[in-house]
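In my numbering, the protein residues as written are 192 to 515. No residue lacks a Cβ here, since even glycine has one placed at the ideal position from N, Cα and C. To start, the structure itself, in structure tokens.
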Amino acid sequence: MTTIIDVAKKAGVSKSTVSRVVSNKGYVSQETRQKIEKAMHELGYIPNMLARNLQSGLTKTIAFISHDFNQHTSIFLNEFTKTALNHDFYVNLYVTGGDKDKELDALNLMKYKQVDAVFIFTRSNSWDKIIPFKKFGPISTWHRIDSPDIYSSYVNQYESYLMSLEFLLTRGYQSIGHILGDENNKNTIARIKALNHFYDYHPELKKDYDWIFVNSSHLNTGRHIAKKWASSVHKPDALVFYTDFIAAECISELQLLGIKVPEDLGIMGFDNSTISEIVHLTTVDCHLETQALNCFNYLHSQLKQLDFKPKDITQDLVIRSSTK
Numbered sequence: 192m193t194t195i196i197d198v199a200k201k202a203g204v205s206k207s208t209v210s211r212v213v214s215n216k217g218y219v220s221q222e223t224r225q226k227i228e229k230a231m232h233e234l235g236y237i238p239n240m241l242a243r244n245l246q247s248g249l250t251k252t253i254a255f256i257s258h259d260f261n262q263h264t265s266i267f268l269n270e271f272t273k274t275a276l277n278h279d280f281y282v283n284l285y286v287t288g289g290d291k292d293k294e295l296d297a298l299n300l301m302k303y304k305q306v307d308a309v310f311i312f313t314r315s316n317s318w319d320k321i322i323p324f325k326k327f328g329p330i331s332t333w334h335r336i337d338s339p340d341i342y343s344s345y346v347n348q349y350e351s352y353l354m355s356l357e358f359l360l361t362r363g364y365q366s367i368g369h370i371l372g373d374e375n376n377k378n379t380i381a382r383i384k385a386l387n388h389f390y391d392y393h394p395e396l397k398k399d400y401d402w403i404f405v406n407s408s409h410l411n412t413g414r415h416i417a418k419k420w421a422s423s424v425h426k427p428d429a430l431v432f433y434t435d436f437i438a439a440e441c442i443s444e445l446q447l448l449g450i451k452v453p454e455d456l457g458i459m460g461f462d463n464s465t466i467s468e469i470v471h472l473t474t475v476d477c478h479l480e481t482q483a484l485n486c487f488n489y490l491h492s493q494l495k496q497l498d499f500k501p502k503d504i505t506q507d508l509v510i511r512s513s514t515k
């Protein structure tokens with residue numbers, strides 16, 4: 192097996208000079224670099240990546256953990272990966288399918304120095320189970336968590352949801368249906384708080400509990416909601432969905448049922464994802480790209496012992512033709 196010493200002899204340089212070329216650290220003249228690279232090629236020398244990692248203390252790899260791969264994962268992962276590549280880091284995707292043990296396996300990769308850090312897109316285990324892994328490397332997430340051990344780049348869902356409801360009211364919508372996510376999710380809890388305050392601020396409006404849905408994350412939720420609206424006697428004149436995808440599903444089914452948006456029913460989503468543009472959906476842009484950027488930059492700053500300055504995340508109303 193060819194070693195770094197063989198390369199040094201053939202190139203007529205010291206072992207440390209070859210090491211600087213292999214690790215891409217330290218100055219080496221272009222002429223010397225070319226001699227070393229030529230010697231490596233002729234000898235078929237392949238650098239030992241494990242040794243390089245042990246020398247630098249980093250694998251330059253981050254684990255990205257998610258239950259599955261969907262449009263949200265795609266948007267977030269794309270920006271996260273682009274940012275990582277700009278810093279010469281790699282990103283490995285670990286799809287757990289919601290399996291708690293698989294998630295723990297992915298977290299254990301830090302313990303065994305196979306990855307340097309972990310980003311959690313969707314989690315299966317409790318934070319109490321996850322937080323102890325912080326001793327092996329930094330962890331970030333876009334979940335809302337108030338912890339000194341895990342960095343969270345999240346949007347203020349209370350403000351964004353209240354903004355959505357106030358917007359609909361200014362457009363003349365008096366009866367609003369609410370389609371929300373997991374009732375134990377902090378984002379959902381914040382939205383419910385905003386919803387309750389909205390009706391407190393506007394006592395003239397009726398809060399229809401028949402049109403407040405939680406745990407609405409299963410397949411075809413949007414289609415079920417559309418059918419329910421079409422068959423109901425007492426129905427809201429606008430629906431707000433916690434994600435664009437389910438709102439788009441609803442619009443698709445409404446069209447099949449011959450119901451016009453926004454003439455018959457106003458629809459509003461959340462995320463400003465690509466699908467919202469396709470179906471002309473009014474939504475809230477929570478800037479997933481900025482969240483992804485902050486999450487990577489935190490991990491990178493921790494690994495490189497740099498100052499971390501997160502970018503501010505704004506929430507912007509994007510008005511399209513699904514509302515009046």
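Rounded Cβ spacing between residue i and residue j (contact assumed at less than 8 Å)
{"i": "Phe-267", "j": "Phe-312", "result": "6 Å"}
{"i": "Leu-430", "j": "His-388", "result": "With 8 Å as the limit, Leu-430 and His-388 do not qualify as a contact, their Cβ atoms being about 20 Å apart."}
{"i": "Ser-366", "j": "Asp-399", "result": "7 Å"}
{"i": "Ile-481", "j": "Ile-504", "result": "Ile is not the amino acid found at residue 481; the sequence shown has Thr there. 5 Å between Cβ atoms; contact."}
{"i": "Trp-402", "j": "Gly-368", "result": "4 Å"}
{"i": "Arg-314", "j": "Lys-377", "result": "No, Arg-314 and Lys-377 are not in contact; Cβ-Cβ is about 12 Å, not under 8 Å."}
{"i": "Pro-339", "j": "Tyr-489", "result": "13 Å between Cβ atoms; not a contact."}
{"i": "Ser-331", "j": "Tyr-342", "result": "4 Å"}
{"i": "Gln-506", "j": "Val-346", "result": "6 Å"}
{"i": "Glu-444", "j": "Asn-406", "result": "About 20 Å; that fails the 8 Å criterion."}
{"i": "Gly-372", "j": "Thr-379", "result": "5 Å"}
{"i": "Ile-442", "j": "Ser-513", "result": "7 Å"}
{"i": "Gln-262", "j": "Ser-464", "result": "6 Å"}
Cβ shell of residue i (< 6 Å), same chain only, five flanking positions each side left out
{"i": "Phe-432", "result": "Ile-370, Ala-438 and Gly-460"}
{"i": "Lys-304", "result": "none"}
{"i": "Ser-467", "result": "Asp-435, Gly-460 and Thr-474"}
{"i": "Tyr-285", "result": "Ala-254, Ile-256 and Ala-297"}
{"i": "Ile-510", "result": "Thr-473"}
N-terminal and C-terminal residue of the alpha helix (DSSP H) that residue i is part of
{"i": "Phe-267", "result": "262-277"}
{"i": "Met-459", "result": "Per DSSP, Met-459 belongs to no alpha helix (DSSP H); it is in the beta strand (DSSP E), 457-459."}
{"i": "Asp-197", "result": "195-202"}
{"i": "Ser-317", "result": "From DSSP, Ser-317 is part of no alpha helix (DSSP H); its letter is neither H nor E."}
{"i": "His-491", "result": "479-495"}
{"i": "His-232", "result": "221-234"}
{"i": "Thr-519", "result": "Outside the shown range of the chain, which is 192 to 515, sits residue 519, and nothing can be said about it."}
{"i": "Val-212", "result": "206-214"}
{"i": "Ser-331", "result": "Element bounds for Ser-331: not the alpha helix (DSSP H) but the beta strand (DSSP E), 330-332."}
{"i": "Ser-338", "result": "First-last for Ser-338: undefined, no H or E at that position."}
{"i": "Leu-295", "result": "291-302"}
{"i": "Leu-284", "result": "No alpha helix (DSSP H) contains Leu-284, which is instead part of the beta strand (DSSP E) from 281-286."}
{"i": "Ser-443", "result": "435-447"}
{"i": "Glu-468", "result": "465-469"}
Same chain, Cβ closer than 7 Å to residue i, neighbours up to 5 away in sequence not counted
{"i": "Leu-484", "result": "Glu-270, Thr-274 and Lys-502"}
{"i": "Lys-206", "result": "Ile-195, Ile-196 and Ala-199"}
{"i": "Arg-224", "result": "Val-212"}
{"i": "Asp-217", "result": "First, the amino acid is wrong: residue 217 is Gly here, not Asp. Around Gly-217: Arg-211."}
{"i": "Thr-250", "result": "Asn-244, Lys-304, Gln-305, Val-306 and Asp-307"}
{"i": "Lys-515", "result": "Arg-362, Gly-363, Pro-453 and Gly-457"}
8 Å Cβ shell around residue i - same chain, five flanking residues per side excluded
{"i": "Leu-234", "result": "Thr-193, Asp-197, Val-198 and Lys-201"}
{"i": "Leu-517", "result": "Since the first residue of the chain shown is 192 and the last is 515, residue 517 is not available in this structure."}
{"i": "Lys-384", "result": "Tyr-349"}
{"i": "Thr-252", "result": "Phe-280, Tyr-281, Val-282, Asn-283, Gln-305, Val-306 and Asp-307"}
{"i": "Met-301", "result": "Ala-254, Asp-307, Ala-308, Val-309, Phe-324, Phe-327 and Gly-328"}
{"i": "Gln-446", "result": "Val-452"}
Residue span of the beta strand (DSSP E) that contains residue i, given as start and end
{"i": "Thr-252", "result": "252-257"}
{"i": "Leu-371", "result": "Looking at the DSSP string, Leu-371 is not in any beta strand (DSSP E), and its letter there is neither H nor E."}
{"i": "Ile-311", "result": "308-311"}
{"i": "Thr-474", "result": "474-476"}
{"i": "Leu-508", "result": "507-509"}
CB contact below 8 Å: residue i versus chain D
{"i": "Asp-319", "result": "Here chain D cannot be found, since the structure has a single protein chain."}
In chain order, which alpha helix (DSSP H) runs of at least 4 residues are fully inside the region 380-433? Unbroken alpha helix (DSSP H) runs of no fewer than 4 residues, entirely contained in the region 380-433, are found at 412-422, following chain order.
Is it a yes or a no for the region 467-475 touching the region 299-311, going by three-plus beta-carbon pairs under 8 Å? Counting Cβ pairs under 8 Å, fewer than three are found: no touch.
Taking three-plus beta-carbon pairs below 8 Å as touching, is the region 322-331 in contact with the region 257-276? Verdict: no, contact absent.
Count the CB pairs spanning the region 290-298 and the region 450-464 that are closer than 8 Å, and state whether there are at least three. With fewer than three CB-CB distances shorter than 8 Å, the region 290-298 does not count as touching the region 450-464.
Answer yes if the region 228-235 comes into contact with the region 253-260, meaning at least three C-beta pairs across the two stretches below 8 Å, and no otherwise. Taking one beta carbon from each stretch, the region 253-260 and the region 228-235 have fewer than 3 pairs nearer than 8 Å; the two do not touch.
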